Structure formats: C-alpha cells, structure tokens
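Peer 1: Those sequence lines, one after another, are chains A and B.
If you read the first sequence in this note's numbering, its first letter stands for residue 1, the second for the next number, and so on.
If you read the second sequence in this note's numbering, its first letter stands for residue 298, the second for the next number, and so on.
Each residue gets a CB set at the ideal place from its N, CA and C atoms; glycine is no exception.
Since we're looking at a predicted model, the values are computed, not measured.
First, the structure itself, so that you have it in front of you.
Protein chains: 2
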Amino acid sequence: MNADFQGWLKNRQSQIESYLENRLPADNCAPERLHEAMRYVVLGGGKRIRPLLSFAAGELSGAEDESVVVAAAAVELIHAYSLVHDDLPCMDDDTLRRGKPTCHVKYDEATALLVGDSLQSLAFQLMAEFPLTDHPHKQLEMIKQLAQAAGSRGMAGGQAIDLASVGKLLTLPELEFMHIHKTGALIRAAVMLGARCGEGLNDEQLSHLDHFAKCIGLAFQVVDDVLDAEATTAALGKTAGKDAEQNKPTYVSILGVKQARELAEDLQKDAYRALDHLGVAAPRLLQVTDFIVQREF
Amino acid sequence: MNADFQGWLKNRQSQIESYLENRLPADNCAPERLHEAMRYVVLGGGKRIRPLLSFAAGELSGAEDESVVVAAAAVELIHAYSLVHDDLPCMDDDTLRRGKPTCHVKYDEATALLVGDSLQSLAFQLMAEFPLTDHPHKQLEMIKQLAQAAGSRGMAGGQAIDLASVGKLLTLPELEFMHIHKTGALIRAAVMLGARCGEGLNDEQLSHLDHFAKCIGLAFQVVDDVLDAEATTAALGKTAGKDAEQNKPTYVSILGVKQARELAEDLQKDAYRALDHLGVAAPRLLQVTDFIVQREF
C-alpha cells in the first residue's frame, strides 16, 4: 500500500469516526443504556469499507466533503444495525464482532434489537436532516435509494435468502443472487450515494460506476468467504470457520479456495474495466478496490 | 358513533388498507416468505388509529388525499414493525396479536426480526418516493420528523425505558415520560405529518395541534392500560392482563382503574381545548379523539 493511499485511508477513517461520534446520541442522554450500546457497536472498530467507497466516489464526482460524510455515515449505520441483528441468537448467534463481544452478549438481546432498530432510524434521520446536494428532489431520491438497498428487496431480503439457504446446495447463480442482495445492495448504495452528492458525473458515467459497484460488492463477499475459511478468529476479529460449521453455502464450499480466489481476481478486473469506461481517472476507487480485494490475501 | 363518522371511518380504513396492500411487495416476489410475512402482519387488522389521525389532521390543513395516505401508511408501517419486534421472545414474548398468532409464532423469530427491519425501511422509502407536498425541502423535514419519532429518542427509546422499568415502582411523571416516547412520539408524528401535507395551518395552529397530539397520545396509553386490566383477551385480540403478569408499571398499577379513567377523561378535555385554540372547527379530529378515548370504555 503506498504512503499517499495509507494517509488518505487514515484520514477518511478518522473523519467518519468523528462524524459518527458527534451524531450518535450521547450516552448520558436518556435512555442511557440504549445510547451507550449504540455507541458501543458503531464506534471504534471496522475498516469502514462502505464509507471509504462513498468518499472515493464523491471525490470523483466533485462532491463536497461535508455532504459525502453524511451519506457515508448513513450507509455505515445501516451496515452496523445489520451486524447487530445478524449476530442475534435467532440469526447467526455470534458472540464476537470486531474483536469484542457482540451487542447482545455485552448488553442483552432486547437491547441489541432496539440498538439495530434505532440505528436504522438514525441513518434516515441523517439523510433527511443535512444537505447532501443543492437539489432537495435529488436528496429525496437518494433517501429512496438507501431505503431500497436496506429493505426486503435489498440487504434484509438477502439475509432472508441466506437463512433459507442454510444446509442447501446452491448453484453459483443462486449464491450470487443472494449476495447481490445481502452485501451487494448496500455497497452499491455506498458508491452511488457518494457519487450523487456531487454533480461531476453524467448518467452514462453513473451507470458504469454502478457496474463497478456491483463487481466490487461481489468481490468483497468472495474474499469474505475465503477469509472465513482460511483466516484465524484473532485475525478476523469475528468467529472464523462459521460458514462451514453452520453448513452455509459459500463461494469456497461451491468453488473451493483456489477457484474462489480466481473469481475474486476476475471481479476485480471487471471492476477496473468499468472504471476505465468512465473516461476520467479514478485513482482512489482503484486503490480502494485493491484494498478490499487484497485484504489478508 | 354517528352514521357520518362511521362512514368516514370505514372509508378511511379501507383507503389505508388498499394503499398498504398495493405498496407492500407481492408475496410471489423473492424472498417470498419474507414478503408473505410482511403482508401477514400489516394487512387485514388493526383499527388504524394513527392513519385516522393523519387523515383527520390532513383534512384540517387542506391536504391532498394522495399525499396524506402516503404519510399515514409510513407511520402505520413503523407502528407495525414495532409490534412485530415487541412481540418477540426477548421483548414481551407475546403469542397473540390482532386475534392472530404473532409473526414469530406463525413464521419464526429470524423472519420476524427481518419483517420488522424491512417494514421500517419501507416506511422511509414511501416517505421519499411519493410527493407529500409541493416543497421537497418540507418533505425532507417530514422524513426527519418520522425518523426522530421512531428512533432512540422516540418510540424505540420509549421501549428501552419500558424494558428497564419492569418490576420497578415508577412515579406518575416517570411513567408519563416513558409513554411520551413509547406511544406518544409516533401518534404525534401521525397528526403532524398529516397536517403538514397541507398548507392550511400556520405555525401557531400547528403548535396547538402538536399539543393536541401529545394529549391524545397519552390518553391512548391510559385507555390501553385500563383495557389491558379490564377487557378479555377475546375482546382485545391480544393477550389481556399481560401488564400485571409481567409486573409492568401502568396507569392502572399506579392510579387504580377509577383514577386512570378520570385521567383519560382529563386528557381528552385538554385535547378538546387545544383544538379550540385552532380557531377553526375540527370536527373529524374531535370524533377521532372520542373514538380513541371511548373505545370499549
């Protein structure tokens, strides 16, 4: 990783951290325990991959920093809420996340449920409260886009398909369909909302960017599956080997590790090609792409 | 109940029902089980008190029907999601709702979790997707208002306070604080969002309307507590006597039934007075108020 990118990464990670820190309700504000738990799950952890994508896409479209950070934070709050709910006993029943006890282990199940619910509300509050663009009509469209990405035909729907697939043999297209929803929809929203905070890209460019986002979303998941199969719990900060243990279909269970790695590289190349079509250099998005695909590989 | 109001009531209830019916994803659209469960919990039941308040407030401010029904549906979706999550074993652990098995009993806990999550997303999607007013800036403010009403300093926060209060002796002001959040915030949003779809009320009138909404929200809860203590499970369509069984503080446990009834009547009068201050007749809101306070009394 070159020094310039490393500096950018740290900078952007601390920017999103301090924005979230300021926007989350204080833990001395009632109900204190709920607010403390919301801060516990959101702050001080995570690679912030979705916000990084928003920032990189925002730079490309000439967006203002103060706008992109709002959209990036909203996407990250939706992501954080989904992790809290996914870790609950009735879902993946996980006890470790980002190297810390999961929310329902640290607090209790009811609190974890309400933490997730409240983080989702807060995401939409931020999207409506602060100006993302000079065009309120466009801001409404962006809120709709985030809601669709989060909902039953996006992330939550992907989670439902995931649950229904435990113990089943899926084909590669079926697995892809699941992940396009479960992780892909929100990653796509992260890229597109970041870009739409600016005015610098035309519709054709936005459509290439959308294709880039789809590729990168899938690549992210393929890498996740490889890491789950190969990395240690300590390195991941979450329980490793859960997929095989829970008999979940993954890219590794269908393709094996070698072919899964090759698929990730193919998707990475496909993402590069989509960026080529933009007609403008997108060095940050290229760097973030490599950062996503090559983590721990 | 007079015939005119009865006609209005049926009309509005069927209007919101058919709007929700059209906006909820079809149950033959993937993921089918999730969409079927979303429709199961939202459709075909409930008095639709919050939408009725939105409609009555919208009539007062000269709002278009096509706008008010969107806001009313969004509020009802937030309410429906909260019921599904509240009924989960880690919360109130209830098995009966609107005379039918609760979502996690009919389906399973994971599905109920995702149903609630998806209904919340859908509420914000509707608020952003369809025009509520001619002013997109105002629509953004309305989305913010709904998000605040739903979140950790609104409904979800009230639920957290409720959980923390089980088995405790609360004072009347503490109980009121809880309910202002738990049920009050969303009822207030129902009234105000309905009114704000139109342009007919000035800021002073809106502030009286807001006071009306606070009174009616509390009155609603007091009546709920009395009904829980006095009505049968069959009449309620949900398990009666749960509050006492779960050792929850209620208006009845603090005041007794007689004084709780008197409090409901006082709040009703306070609500009437707030409407008097509007300077325009608000016959529908008066009728809906009576409908809320006098149900089953």
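Assuming ALA128 of chain A and ALA444 of chain B are in contact, meaning their beta carbons sit under 8 Å apart, how far apart are those beta carbons, in whole angstroms?
Peer 2: 6 Å
Peer 1: Would you mind sorting GLY200 of chain A into buried or exposed? The rule is 16 or more other CB atoms within 10 Å of its CB.
Peer 2: exposed
Peer 1: The stretch 431-444 of chain B: which residues have C-beta closer than 7 Å to a C-beta of chain A, in chain order?
Peer 2: PRO433, HIS434, GLN436, LEU437, ILE440, LYS441 and ALA444
Peer 1: Does CYS29 of chain A pass the burial test, meaning 16 or more other C-beta atoms within 10 Å, or should it be called exposed?
Peer 2: exposed
Peer 1: Under 7 Å between beta-carbons, which chain B residues line up against LEU114 of chain A? List them in chain order, please.
Peer 2: ALA453, GLN456 and ALA457
Peer 1: What residues from chain B crowd round ALA302 of chain A, counting only those whose CB sits closer than 9 Å?
Peer 2: Chain A is shown only over 1 to 297; residue 302 of chain A falls outside these bounds and no answer can be derived.
Peer 1: Report the neighbours of SER121 of chain A on chain B: residues whose CB is nearer than 9 Å to its CB, in chain order.
Peer 2: Ordered by position in chain B, the residues that pass the 9 Å Cβ test against SER121 of chain A are ILE375, GLN417, PHE421, LEU443, ALA444, GLN445, ALA446, ALA447, GLY448, SER449, GLY451, MET452 and ALA453.
Peer 1: Is the separation between the beta-carbon of LEU466 of chain B and that of PRO546 of chain B shorter than 8 Å?
Peer 2: yes
Peer 1: On the criterion of 16 or more Cβ atoms from any shown chain inside 10 Å, does GLU66 of chain A qualify as buried, or is it exposed?
Peer 2: exposed
Peer 1: Once the 5 residues before and after ALA240 of chain A are set aside, which same chain residues still bring their CB inside 7 Å of it?
Peer 2: ASP228, ALA231, THR232 and THR233
Peer 1: In terms of alpha-carbon separation, which member of A:ILE292, A:ALA112 and A:LEU285 lies closest to LEU88 of chain A?
Peer 2: When C-alpha distances from LEU88 of chain A are compared across A:ILE292, A:ALA112 and A:LEU285, the shortest belongs to A:ALA112.
Peer 1: Grouping DSSP H, G and I as helix and E and B as strand, with all else coil, what is LYS539 of chain B?
Peer 2: In this structure, LYS539 of chain B counts as helix in the three-state DSSP scheme.
Peer 1: Could you check how far apart the C-beta atoms of ALA557 of chain B and TYR548 of chain B are, in whole angstroms? I think they sit under 8 Å.
Peer 2: 4 Å
Peer 1: So what's ARG97 of chain A in DSSP terms, helix, strand or just coil?
Peer 2: strand
Peer 1: List the residues of chain B that ALA164 of chain A touches, going by C-beta distances under 8 Å, in chain order.
Peer 2: What ALA164 of chain A touches in chain B: PRO328 and ARG330.
Peer 1: Candidates A:LEU132, A:LEU140 and A:HIS135: which alpha carbon is nearest PHE427 of chain B's?
Peer 2: Nearest option by C-alpha distance: A:LEU140.
Peer 1: If distances are taken between C-alpha atoms only, which option among A:ASN202, A:SER121 and A:LEU24 comes closest to ILE143 of chain A?
Peer 2: A:SER121
Peer 1: Among B:GLY451, B:ILE313 and B:MET335, which residue has its Cα nearest to the Cα of HIS478 of chain B?
Peer 2: By alpha-carbon distance to HIS478 of chain B, the top candidate from B:GLY451, B:ILE313 and B:MET335 is B:GLY451.
Peer 1: With respect to the alpha helix (DSSP H) encompassing TYR337 of chain B, which residues constitute its N-terminal and C-terminal limits?
Peer 2: 329-339
Peer 1: Does the Cβ of HIS434 of chain B have 16 or more other Cβ atoms within 10 Å, making it buried, or fewer, making it exposed?
Peer 2: With fewer than 16 Cβ atoms within 10 Å of its Cβ, HIS434 of chain B is classed as exposed.
Peer 1: Does any C-beta atom of chain A lie closer than 8 Å to the C-beta of HIS574 of chain B?
Peer 2: no
Peer 1: Could you give the DSSP three-state label for GLY237 of chain A: helix, strand or coil?
Peer 2: coil
Peer 1: Go ahead and pull the three-state DSSP assignment for PRO322 of chain B.
Peer 2: coil
Peer 1: Closest Cβ-Cβ distance between HIS179 of chain A and chain B: below 8 Å?
Peer 2: no
Peer 1: Since LEU483 of chain B and HIS376 of chain B should fall inside the 8 Å C-beta cutoff, what is the C-beta to C-beta distance between them, to a whole number of angstroms?
Peer 2: Rounded, the Cβ-Cβ distance is 6 Å, consistent with contact.
Peer 1: Short check: CB of ASN394 of chain B to CB of LEU416 of chain B, under 8 Å?
Peer 2: Looking at the sequence provided, one finds Arg at residue 394 of chain B rather than Asn. The answer is no: Cβ separation not under 8 Å.
Peer 1: Going by the beta-carbon positions, is the gap between LEU352 of chain B and VAL367 of chain B smaller than 8 Å?
Peer 2: Reading off the sequence, residue 352 of chain B comes out as Phe, not Leu. No, these two residues do not count as a Cβ contact at 8 Å.
Peer 1: Entirely within the stretch 426-457 of chain B and at least 4 residues each: give me those alpha helix (DSSP H) ranges in chain order.
Peer 2: 433-447
Peer 1: Going by C-alpha to C-alpha distance, which of A:GLY7, A:ALA57, A:GLU36 and A:ASP134 sits closest to HIS208 of chain A?
Peer 2: A:ALA57
Peer 1: Thinking VAL42 of chain A and LEU77 of chain A are a contact (beta carbons under 8 Å), I'd like their distance in whole angstroms, please.
Peer 2: VAL42 of chain A to LEU77 of chain A, Cβ: 7 Å. Contact.
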